[in-house]
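Numbering (this note's numbering), first residue to last: 1174 to 1505.
Below, the structure is given as structure tokens:
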């Protein structure tokens, strides 16, 4: 069983100072506070940790390793993805902050502007989208992202993210995305909705989502309201995790904001005058390599740094109740 106090956590400011997020250069020592299991040797233990709803990494799953081998063949990826234009995201820097701008309130056909207004959220008056959404082919994205000259990869230079979505039962006709990638369920058989280590509640699976990142890309700290299994299929990613009870210290944008449940503070350059509580926050980290799968329980915070060009896919399977209290206390 997981030991008392698992996973261990350190002061986040200490962790970030030791390895600044804008520097993707690997470190010999990191603040890793949770277990990495071997699929062949530690599967039973991994199940116990999953059932205890705590994070861990598992590696050396033969199914995952076969997918890694395929996805690291450039010709295979080009054949699989073809010329379909998928979702992509552009940022003028290496920081990517999720956003979901609400539509303006327009009333309704019955002339009652208040009806259903309570369902809509108003963006702050001076709000601007932090990134630009677009569509491009895999080949177009790779041409922009596959940069080997680090002088062109600075934190203030343009970066691109690329996405694939397999809707599964959430959209059998592909309604959830134009050009839905249903073949992901055949590619990543370990993420199919059936009983396995990766599926806590198979009937509650919400598709497969893949994100391809270029070196240096940062996905800002946030929590997701469901269980998450995250597989790195190429390259490396650094994950910084925080327990849900760290919510009061992480300077979250409030419910109703276009980037709600994400940190307002810049972890690359924390402003402790504006957010003094951040000095108390704790976390830990792990470097995930191709073939590694991370279990992230409901409501756990995660901040993601692409250490190289990489491919990552994840799937969700239901909502755990173990960490609801601290998130509710934060207003979510």
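A virtual CB, placed ideally from N, CA and C, is assigned to each residue, including glycine.
Quick check on residue i: does DSSP put it in helix, strand or coil?
i, result
"residue 1500", "helix"
"residue 1368", "coil"
"residue 1291", "The predicted model places residue 1291 with a pLDDT of 31, which falls under 50 and marks its position as unreliable, so this point remains unresolved."
"residue 1237", "helix"
"residue 1324", "helix"
"residue 1419", "helix"
"residue 1347", "Confidence in residue 1347 is poor, its pLDDT being 47 and thus under 50, which makes the residue's placement unreliable; the coordinate value appears in the next sentence. The answer is coil: DSSP assigns residue 1347 none of H, G, I, E or B."
"residue 1361", "coil"
"residue 1216", "helix"
"residue 1283", "Low confidence applies here, because residue 1283 scores a pLDDT of 45, under 50, leaving its location unreliable and the question unanswered by this model."
Skipping 5 residues on each side, what residues in its chain have a beta carbon closer than 6 Å to that of residue i?
i, result
"residue 1392", "1269 and 1477"
"residue 1443", "1451"
"residue 1231", "1210, 1212, 1219 and 1466"
"residue 1441", "1194 and 1195"
Note down, in chain order, each residue of its chain lying with its Cβ closer than 7 Å to the Cβ of residue i, except the 5 sequence neighbours on either side.
i, result
"residue 1180", "1206, 1207, 1227, 1228 and 1457"
"residue 1390", "1267, 1269, 1332, 1334 and 1479"
"residue 1250", "1244 and 1311"
"residue 1221", "1174"
For residue i, report the span of its beta strand (DSSP E) as first-last.
i, result
"residue 1414", "1409-1415"
"residue 1512", "Absent from the model: residue 1512. The displayed extent of the chain is 1174 to 1505, so no value can be given."
"residue 1211", "1209-1211"
"residue 1476", "1474-1479"
"residue 1459", "1455-1462"
In terms of DSSP beta bridges, what is residue i paired with?
i, result
"residue 1396", "1474"
"residue 1262", "1306 and 1334"
"residue 1469", "1401"
"residue 1383", "1337 and 1486"
"residue 1232", "1211"
"residue 1268", "1391"
"residue 1435", "1395"
"residue 1378", "1490"
"residue 1426", "Answer by DSSP bridge pairing: none, since residue 1426 is not bridged."
What is the C-beta distance between residue i and residue j, in whole angstroms, given that I count them as a contact (C-beta under 8 Å)?
i, j, result
"residue 1324", "residue 1338", "With 8 Å as the limit, residue 1324 and residue 1338 do not qualify as a contact, their Cβ atoms being about 34 Å apart."
"residue 1244", "residue 1474", "About 28 Å separates the two Cβ atoms, so there is no contact after all."
"residue 1424", "residue 1437", "5 Å"
"residue 1491", "residue 1374", "3 Å"
"residue 1309", "residue 1261", "5 Å"
Of all the CB atoms in chain D, is at least one closer than 8 Å to the CB of residue i?
i, result
"residue 1228", "No chain D is part of this structure, which consists of one protein chain only."
Let's see if you can read the secondary structure: which residues bound the alpha helix (DSSP H) around residue i?
i, result
"residue 1252", "1247-1254"
"residue 1317", "1311-1318"
"residue 1442", "Unbroken run through residue 1442: none, as it is neither H nor E."
Please go through the same chain and pick out, in chain order, the residues whose beta-carbon is closer than 8 Å to the beta-carbon of residue i, but skip the five residues on each side of it.
i, result
"residue 1495", "1226, 1470 and 1471"
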